[in-house]
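Sequences listed follow chains D and L, in order.
When you line the first sequence up against numbering that gives the first Met the number 0, it's residues 0 to 277, in that order.
When you line the second sequence up against numbering that gives the first Met the number 0, it's residues 0 to 188, in that order.
Think of the CB as a built atom: it goes at the ideal place given N, C-alpha and C, for glycine as much as any other residue.
Some notes on the structure that comes next.
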Amino acid sequence: MQTPDPSRIRTALADATFRAYREAAVRLPVDVLKVIGNAARAETNPVARGEFSNILQNIRAAGELGVPMCQDTGVPVIYLTIPPDVPLTQDLYDAVADGVRRATKEVPLRPNVVDPLTRHNSGDNTGEGMPAIHVKPGEQFTVTVLPKGAGAENMSRIAMLLPSQVDQIEKFVVETMYLAGSRPCPPVIIGVGIGGTFDGAAALAKEALLEPVDEMTAYEEELLAAVNRLGIGPMGLGGDFTALAVKVKTAGCHTASLPVAVNIQCWANRHATVEVKR
Amino acid sequence: MSGKVIQLRTPLGPEVLELHAGDRVELSGLVFTARDEAHLRMQKEGIPFDPKGAVIYHCGPVIQDKRVIAAGPTTSARMNELSGFLFEKGVRGLIGKGGMGATVREQLKGRGVNFAFTGGCAALASSHMTLMDVFFEDLGMAEAVWAIELDRLPLVVGIDAHGNDIFDAARDHADAAFRSYPGKPPHGR
Numbered sequence: 000m001q002t003p004d005p006s007r008i009r010t011a012l013a014d015a016t017f018r019a020y021r022e023a024a025v026r027l028p029v030d031v032l033k034v035i036g037n038a039a040r041a042e043t044n045p046v047a048r049g050e051f052s053n054i055l056q057n058i059r060a061a062g063e064l065g066v067p068m069c070q071d072t073g074v075p076v077i078y079l080t081i082p083p084d085v086p087l088t089q090d091l092y093d094a095v096a097d098g099v100r101r102a103t104k105e106v107p108l109r110p111n112v113v114d115p116l117t118r119h120n121s122g123d124n125t126g127e128g129m130p131a132i133h134v135k136p137g138e139q140f141t142v143t144v145l146p147k148g149a150g151a152e153n154m155s156r157i158a159m160l161l162p163s164q165v166d167q168i169e170k171f172v173v174e175t176m177y178l179a180g181s182r183p184c185p186p187v188i189i190g191v192g193i194g195g196t197f198d199g200a201a202a203l204a205k206e207a208l209l210e211p212v213d214e215m216t217a218y219e220e221e222l223l224a225a226v227n228r229l230g231i232g233p234m235g236l237g238g239d240f241t242a243l244a245v246k247v248k249t250a251g252c253h254t255a256s257l258p259v260a261v262n263i264q265c266w267a268n269r270h271a272t273v274e275v276k277r
Numbered sequence: 000m001s002g003k004v005i006q007l008r009t010p011l012g013p014e015v016l017e018l019h020a021g022d023r024v025e026l027s028g029l030v031f032t033a034r035d036e037a038h039l040r041m042q043k044e045g046i047p048f049d050p051k052g053a054v055i056y057h058c059g060p061v062i063q064d065k066r067v068i069a070a071g072p073t074t075s076a077r078m079n080e081l082s083g084f085l086f087e088k089g090v091r092g093l094i095g096k097g098g099m100g101a102t103v104r105e106q107l108k109g110r111g112v113n114f115a116f117t118g119g120c121a122a123l124a125s126s127h128m129t130l131m132d133v134f135f136e137d138l139g140m141a142e143a144v145w146a147i148e149l150d151r152l153p154l155v156v157g158i159d160a161h162g163n164d165i166f167d168a169a170r171d172h173a174d175a176a177f178r179s180y181p182g183k184p185p186h187g188r
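Structural data, given as structure tokens:
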């Protein structure tokens with residue numbers, strides 16, 4: 000096995016990050032398109048049907064024009080998979096930031112990243128701890144970009160339930176969407192993290208958004224049906240589809256704990272994965 | 000509502016009083032973007048365009064090379080307590096997302112309507128738009144007032160001039176559904 004050249008890795012990862020960001024901002028994954036299309040056909044409320052029609056036309060227009068589908072192009076959430084021969088160094092983090100800066104200029108993306116206290120905007124979508132980068136080992140070298148817009152992210156919640164409250168998880172998920180109402184641009188996709196730790200549950204909830212949304216377990220279907228009984232509908236105008244899918248990820252937790260995190264995502268469940276060619 | 004799409008052109012006149020919540024509308028003609036900062040500036044310095052029959056779009060667009068690149072709606076509720084002066088000067092319509100509060104619902108009675116445009120549909124919006132002019136450009140791209148010519152932008156009437164509000168109807172439905180869970184109610188909506 001050859002030792003990879005660090006400067007080549009940096010260039011290749013930056014390029015892959017740029018391409019994944021552009022793809023994610025402009026085009027939706029196939030499974031997401033499928034659930035939007037299915038819901039558009041099944042929706043019975045005439046006003047909601049009009050909203051679905053706009054959403055489908057918007058997706059088409061963005062693809063044809065090669066422009067972002069929403070003006071909130073989010074903050075960069077990045078998932079890296081690194082194979083055994085790629086060393087985990089600061090270079091990888093810097094390479095991803097390079098790719099984000101290039102995407103901001105060339106896609107173009109709205110500069111959204113600010114200092115949390117001074118609110119100073121860096122202008123290039125990077126900052127302290129931003130992009131948010133999550134790394135895991137694997138066989139292939141890939142980068143996944145999940146641009147997270149604020150409207151839906153702001154409606155997300157976490158609860159440390161009691162171990163005896165497993166049957167209250169549904170209520171917490173439904174309550175989160177009830178409180179959110181029209182604000183996260185429904186129909187939404189809901190990521191639920193159950194178990195792990197306080198921070199771990201939130202990470203699981205976000206990772207759940209990357210899972211295929213066109214297949215659900217019986218438990219996920221139950222949660223989806225419960226959320227849709229709210230009738231908030233597309234954009235809060237009323238309708239059958241408040242949510243398109245619920246995805247759950249779990250992890251082992253303390254016997255005295257039941258962390259539950261709910262990460263809300265608007266209909267534009269944007270993410271794209273690109274292999275890093277080196 | 001009926002299946003037909005109503006064609007409207009700005010400046011709007013008394014025809015808006017005949018609209019009903021849930022009606023589908025295609026709007027053409029000049030509209031003006033305004034978010035929080037532009038409302039505050041207009042309250043202080045006056046409205047920089049003719050407000051008679053005008054339509055305000057709650058939107059912070061992305062503009063590049065004098066073209067509208069992306070222009071989806073922002074959350075209208077932020078302007079709940081900032082909009083009264085507009086109706087007094089003759090504004091007949093507000094476009095945005097998510098609906099508005101009871102204050103605006105009252106202010107719209109006998110005067111105008113709140114149109115909903117689909118959240119996130121920035122590319123669709125820009126494909127129906129031509130940029131004409133700008134006011135208060137010093138407020139920055141998102142907060143400036145952009146004068147934009149619309150060509151049949153697909154909207155729905157969210158709140159009509161008779162106090163009907165389909166957002167409120169959907170909220171009532173959600174209230175009832177959520178109340179079916181036993182235990183304490185959540186901390187307000």
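Between the beta-carbon of residue 273/D and that of residue 245/D there is about 27 Å, and that puts the pair past the 8 Å contact cut. Between the alpha carbons of residue 48/D and residue 159/L lies a distance of about 20 Å. Its chain contains 78 as the residues whose beta carbon lies nearer than 6 Å to that of residue 133/D, once the 5 sequence neighbours on both sides are disregarded; these appear in chain order. The beta carbon of residue 163/D sits no closer than 8 Å to any beta carbon of chain L. Within the same chain, 81 and 134 come within 7 Å of residue 87/D by CB-CB distance, once the 5 residues on both sides are set aside.
Residues of chain D with a Cβ closer than 7 Å to the Cβ of residue 68/L are, in chain order, 66. For the region 96 to 123 of chain L, the set of positions with a beta-carbon nearer than 7 Å to some beta-carbon of chain D reads 96, 97, 98, 115, 117, 118, 119, 120, 121, 122 and 123 in chain order. When C-beta distances to chain L are compared with 7 Å, the residues of the region 161 to 195 of chain D below that value are 170, 173, 174, 177, 178, 180, 181, 182 and 184, in chain order.
For the region 180 to 257 of chain D, the full-length alpha helix (DSSP H) segments reaching 4 residues or more read 197 to 207 and 217 to 227 along the chain.
One thing to note: residue 185/D has its Cβ within 8 Å of the Cβ of residue 233/D. By the neighbour-count criterion, in which a residue is buried when 16 or more other Cβ atoms sit within 10 angstroms of its Cβ, residue 161/D is exposed.
Inter-residue distance for residue 10/D and residue 16/L is about 60 Å (C-alpha atoms, whole angstroms). Contact with chain L is absent for residue 263/D, since none of that chain's Cβ atoms lies less than 8 Å from the residue's Cβ. With fewer than 16 other CB atoms across the displayed protein chains lying within 10 angstroms of its CB, residue 253/D is exposed.
Using a CB distance cut-off of 8 Å, residue 234/D counts as an interface residue toward chain L. Here residue 119/D is exposed: its Cβ has fewer than 16 other Cβ atoms, across all protein chains shown, within 10 Å. Per DSSP, the unbroken alpha helix (DSSP H) holding residue 8/D starts and ends at 5 to 25.
Judged by DSSP secondary structure, residue 15/L falls outside any beta strand (DSSP E); it is assigned neither H nor E. Looking only at 15/D, 188/D, 121/D and 22/D, the smallest Cα-Cα distance to residue 275/D is reached by 15/D. A distance below 6 Å between beta-carbons, with the five flanking residues on each side excluded, links residue 6/L to the following residues of its chain, in chain order: 25. Residue 13/L has a beta carbon lying at 8 Å or more from every beta carbon in chain D. Judged by DSSP secondary structure, residue 46/L falls outside any beta strand (DSSP E); it is assigned neither H nor E. Residues of the region 162 to 178 of chain L that bring their beta carbon within less than 7 Å of a beta carbon in chain D comprise 165, 166, 168, 169, 170, 172, 173, 176 and 177, in sequence order. In this structure the region 111 to 119 of chain L touches the region 146 to 161 of chain L; the number of beta carbon pairs closer than 8 Å is three or more. Secondary structure within the region 151 to 180 of chain D: the beta strand (DSSP E) runs of 3 or more consecutive residues, fully enclosed, are 156 to 160 (chain order). In the displayed model, residue 95/L falls within a strand according to three-state DSSP.
For chain D, none of the residues of the region 29 to 41 of chain L brings a beta carbon within less than 9 Å of one of its beta carbons. By the C-beta criterion, the region 114 to 127 of chain L is judged to be in contact with the region 69 to 87 of chain L, since at least 3 inter-stretch pairs fall below 8 Å.
Counting C-beta pairs closer than 8 Å gives three or more between the region 151 to 170 of chain D and the region 194 to 209 of chain D, which meets the contact rule.
Contact check for residue 242/D against residue 188/D passes: the beta carbons are separated by less than 8 Å.
For residue 27/L, the enclosing beta strand (DSSP E) stretches over residues 23 to 32. Of all C-beta pairs linking the region 138 to 151 of chain L to the region 31 to 42 of chain L, three or more are shorter than 8 Å, placing the two stretches in contact.
Closer than 8 Å to the CB of residue 60/L there is at least one CB belonging to chain D. Distance between residue 148/D and residue 90/L, taken at the CA atoms: about 31 Å. In this structure the region 93 to 100 of chain L lies against the region 52 to 60 of chain L, because at least three pairs of beta carbons, one per stretch, are closer than 8 Å.
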